[in-house]
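Residue numbers (the numbering used here), protein chains in the order written: chain A, -1 to 226; chain B, 329 to 506.
Heads up, the beta-carbon is just placed ideally off N, CA and C, and yes, glycines get one too.
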Amino acid sequence: MSISEQPDDQGPEKPGTPDGNPDMNSPAAPVGRRSERNPLALVVVAMIAAAMLYFGFHMARRAGSEPSAFMGKSTVAPDFKLETLDGKDMRLSDLRGKAVLLNFWATWCGPCKIETPWLVELQKEYGAQGLQVIGVAMDDSGKDDIQKFAKDMGVNYPVLLGKEAVGEAYGGVPALPESFFIGRNGKIVERIIGLKGRGDIEDAIKKALNTESGSAPSTANADLPSPK
Amino acid sequence: MRRDQRNALGVFALLAATCFAQVPKAPSVSMAPVGAVTAQRTKQTTVELDFRVASGFHINSNTPKSEFLIPTSLKMDPPTDIVLGKIHYPAGKDLTFPFSPEEKLNVYSGDFTIKLAVHPLSSVVPGKYAMRGTLRYQACDNAQCFPPKTLPVNFDVKVVKEKSQGRRNPAQSPHVHN
């Protein structure tokens, strides 16, 4: 009899022998069967544990590059309204028809500092084709620091003052940098978490540019976070 | 549930917990418990605080190479009349990202120790005092950075009286009384 065949309800536990072993005369625990069942149980446990270890590490490795199910490809990018460094309001939906690279970053983020010059170059290179890079600064530090950083880096695209609610709408953005590549139709076509090569970013931009501009689903604003 | 099933379930739960514990979602910095610290009044005593950065992550040193990076810093809120001396941070290690070898960082990874001097004034009543503070840090791995965090830093200091100087008898007058 396998483990799964045993009934869940064994009734009240039978007392063990004085030396701590179970009552060997109990019909529920014959000696012969116990000696067969234990190795099987251990093998099953070991196999499940090995599978969990494999998938755990596999998922951890993939976590840096794959979109989550929540914010996967073809998801309509949640709309938002944020303040620019110039003090104006900008909505993502204002850019419908363009390919958008939405880059979450912070001044304290070393990899973001490496990536920013690439974004400046890519905006120059693909801007005429309809690319708009948008930086969303997730800093707690003041606007002045963000402004200084952007100036030092020669940023040639709008930088928005990020809000936690916007990060939440995009899956939490637990680490930076994180970029979403949004097609002309307002749908996310690619997501890059962490610092990747310039080529990876460029490939994702091309994917976003190659989308057809279409009417976005009416639920596009369903996830619009209320600005804090 | 039978005993062998319970045992199997226990082993399974332990392995599952181990499995998920080995896949950290976010970086962590932990502090080793501080052993008994005894500080004499009016004297300076150095306390060593040992920290560990989780494997695969680093945090900025106290002197990162960019003004925008957040330095690791210890802030203590000592009881009245226990004065803190200078906090001594270890030197960081230089690090570069694979994509930008020219961009140098200065970081702590693995284990590091911050030394802190405590100096109880003569007015402190001998006894045990709780030292409370926080370590602020900002962690990254090779590709991404995590928002700044603070770690509570708590330890006790036992303040004792200053050692007596071995009192001498006052000088006696050479005058001989008859």
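Would a C-beta distance cut-off of 8 Å place Ile112/A and Glu431/B closer than the cut-off?
If you number the first sequence from 1, residue 112/A lands on position 114. If you number the second sequence from 1, residue 431/B lands on position 103. Contact flag set, yes.
Counting only beta-carbon atoms, is Ile387/B nearer than 8 Å to chain A?
As a position in the second sequence, residue 387/B is number 59, starting the count at 1. By this cut-off, Ile387/B is not an interface position.
Euclidean distance between Cα positions of Val157/A and Leu174/A
As a position in the first sequence, residue 157/A is number 159, starting the count at 1. As a position in the first sequence, residue 174/A is number 176, starting the count at 1. Looking at the two C-alpha atoms, the distance is approximately 15 Å.
Check Phe425/B in the structure and name its three-state DSSP category.
On the second sequence, residue 425/B is found 97 positions in, with the first residue counted as 1. In the structure shown, Phe425/B sits in a strand (DSSP, three-state: E or B).
Quick check on Lys185/A: buried or exposed, where buried means 16 or more other Cβ atoms within 10 Å of its Cβ?
Here residue 185/A refers to the residue found at position 187 when the first sequence is read from its first residue. Buried: at least 16 other Cβ atoms inside 10 Å.
Would you say the beta carbon of Asn434/B comes nearer than 7 Å to a heavy atom of the ligand NAD?
In the structure shown, the ligand NAD is absent, as is every other ligand, since no ligand is present at all.
Helix, strand or coil for Cys468/B per DSSP?
Walking along the second sequence from the start, residue 468/B turns up at place 140. Correct three-state label for Cys468/B: strand.
Cβ atoms of Leu100/A and Ser211/A: under 8 Å apart, would you say?
Stepping through the first sequence from its first residue, residue 211/A is reached at position 213. Stepping through the first sequence from its first residue, residue 100/A is reached at position 102. No, Cβ-Cβ distance for Ser211/A and Leu100/A is not below 8 Å.
Contact check, Val357/B vs Leu479/B under 8 Å by CB: the rounded distance?
Locating residue 357/B in the second sequence gives position 29, where the first residue counts as 1. Locating residue 479/B in the second sequence gives position 151, where the first residue counts as 1. With a Cβ gap of about 5 Å, Val357/B and Leu479/B count as contacting.
Quickly, what does DSSP pair Gln368/B with across the bridge? List them, please.
Taking the first residue of the second sequence as 1, we reach residue 368/B at position 40. Answer is Val488/B.
How many whole angstroms separate the CB atoms of Asp143/A and Asp150/A, which I take to be in contact at a CB cut-off of 8 Å?
Here residue 143/A refers to the residue found at position 145 of the first sequence. Here residue 150/A refers to the residue found at position 152 of the first sequence. Incorrect: roughly 11 Å between the Cβ atoms, too far for contact.
Select from Thr408/B, Pro454/B, His386/B and Tyr417/B the residue whose C-alpha is nearest the C-alpha of Arg460/B.
Start at 1 with the first residue of the second sequence, and residue 460/B comes out as number 132. Answer by Cα proximity: Thr408/B.
Per the DSSP calculation, Asp87/A is bridged to which residue(s)?
Counted from its first residue, the first sequence places residue 87/A at position 89. Asp87/A pairs with Glu81/A.
Let me check understanding here. Comparing Cα to Cα, which of Asp77/A, Ile132/A, Leu120/A and Lys205/A lies closest to Gly181/A?
Mapped onto the first sequence, residue 181/A falls at position 183. Checking every option, the nearest Cα to that of Gly181/A belongs to Lys205/A.
Sequence-distant residues of its chain with Cβ nearer than 8 Å to Val488/B (five each side left out):
Along the second sequence, one-based indexing puts residue 488/B at 160. Here the set comprises Thr366, Ala367, Gln368, Arg369 and Pro454.
From Gln130/A to Ala419/B, what does the alpha carbon distance come to, in whole angstroms?
As a working note, residue 130/A is residue 132 in the first sequence. As a working note, residue 419/B is residue 91 in the second sequence. Roughly 42 Å separates the two Cα atoms.
Excluding five sequence neighbours on each side, which residues of the same chain lie with their C-beta closer than 6 Å to the C-beta of Asp378/B?
Walking along the second sequence from the start, residue 378/B turns up at place 50. Taken in chain order, the residues that qualify are Ala360 and Thr441.
For chain A, is any of its Cβ atoms less than 8 Å away from the one on Ala382/B?
Sequence index remark: in the second sequence, residue 382/B carries index 54 (1-based). Ala382/B does not count as touching chain A.
List, in chain order, every chain B residue whose beta-carbon is nearer than 7 Å to that of Leu285/A.
A question about residue 285/A goes unanswered here, because the residues of chain A that appear run from -1 up to 226.
Going by beta-carbon coordinates alone, are Pro355/B and Ala467/B separated by less than 8 Å?
In the second sequence, residue 355/B corresponds to position 27, counting from 1. In the second sequence, residue 467/B corresponds to position 139, counting from 1. Yes, the pair counts as a contact, with Cβ atoms nearer than the cut-off.
If you reduce the DSSP assignment to three classes, tell me which class Ala206/A lands in.
In the first sequence, the residue the question calls residue 206/A occupies position 208. Here Ala206/A sits in helix by DSSP.
Any beta carbon of chain B sitting closer than 8 Å to that of Lys111/A?
Sequence index remark: in the first sequence, residue 111/A carries index 113 (1-based). Judged by the 8 Å Cβ criterion, Lys111/A is in contact with chain B.
Could you work out which residues of chain B lie near Asp92/A, taking near to mean beta carbons separated by less than 7 Å?
Counting from 1 along the first sequence, the entry for residue 92/A is found at position 94. Those within 7 Å of Asp92/A in chain B number zero; the least Cβ separation is about 28 Å.
Does the beta-carbon distance from Leu80/A to Lys161/A come in below 8 Å?
Your numbering for residue 80/A matches position 82 in the first sequence. Your numbering for residue 161/A matches position 163 in the first sequence. Taking 8 Å as the Cβ cut-off, Leu80/A and Lys161/A qualify as a contacting pair.
Could you round the C-beta distance between Gly108/A and Leu463/B to whole angstroms and report it? I think they count as a contact, below 8 Å.
Translated into positions along the first sequence, residue 108/A becomes position 110. Translated into positions along the second sequence, residue 463/B becomes position 135. Going by Cβ atoms, the distance from Gly108/A to Leu463/B rounds to 20 Å, so no, they are not a contact pair.
Would you say Pro399/B faces chain A, with C-beta separation under 8 Å as the test?
Along the second sequence, one-based indexing puts residue 399/B at 71. No - not a single Cβ of chain A is within 8 Å of the one on Pro399/B.
Under the rule that 16 or more other beta-carbon atoms within 10 Å means buried, what is Ala75/A, buried or exposed?
As a first step, residue 75/A must be located in the first sequence, where it is residue number 77. Buried.
Quick check: what's the CA-CA separation for Asp484/B versus Gly413/B?
In the second sequence, the residue the question calls residue 484/B occupies position 156. In the second sequence, the residue the question calls residue 413/B occupies position 85. Their backbone Cα atoms lie some 16 Å apart in a straight line.
How would you write the range of the alpha helix (DSSP H) that Val164/A sits in, first residue to last?
Taking the first sequence and counting its residues from 1, the one referred to as residue 164/A is at position 166. Counting along the chain, the alpha helix (DSSP H) containing Val164/A begins and ends at Glu162 to Ala167.
Given Pro426/B, which residues of its chain have a CB within under 7 Å of its CB, disregarding the five upstream and five downstream residues?
Locating residue 426/B in the second sequence gives position 98, where the first residue counts as 1. Counting only residues of its own chain and dropping the five nearest sequence neighbours on each side, Pro426/B has a CB closer than 7 Å to the CB of Asn470.
Taking 8 Å as the CB-CB cut-off, is Phe78/A touching chain B?
Position 80 of the first sequence holds residue 78/A. No, Phe78/A does not count as interfacial toward chain B.
Starting from Ile112/A, trace the alpha helix (DSSP H) both ways and give me its first and last residue.
Start at 1 with the first residue of the first sequence, and residue 112/A comes out as number 114. Per DSSP, Ile112/A belongs to the alpha helix (DSSP H) from Gly108 to Tyr124.
Could you please give the first and the last residue of the uninterrupted alpha helix (DSSP H) stretch that includes Asp143/A?
For the purposes of this step, residue 143/A is taken as residue 145 along the first sequence, with counting starting at 1. Asp143/A -> alpha helix (DSSP H) spans Lys141 to Asp150.
For Tyr417/B and Lys456/B, the rounded distance between their alpha carbons
Locating residue 456/B in the second sequence gives position 128, counting from the first residue. Locating residue 417/B in the second sequence gives position 89, counting from the first residue. If I take the Cα positions, the gap works out to 26 Å.
So which residues on chain A does Pro476/B lean against when the C-beta distance must stay under 8 Å?
Locating residue 476/B in the second sequence gives position 148, where the first residue counts as 1. Those within 8 Å of Pro476/B in chain A are Trp106 and Asp138.
Backbone secondary structure at Val362/B - three-state DSSP
Counted from its first residue, the second sequence places residue 362/B at position 34. In this structure, Val362/B counts as coil in the three-state DSSP scheme.
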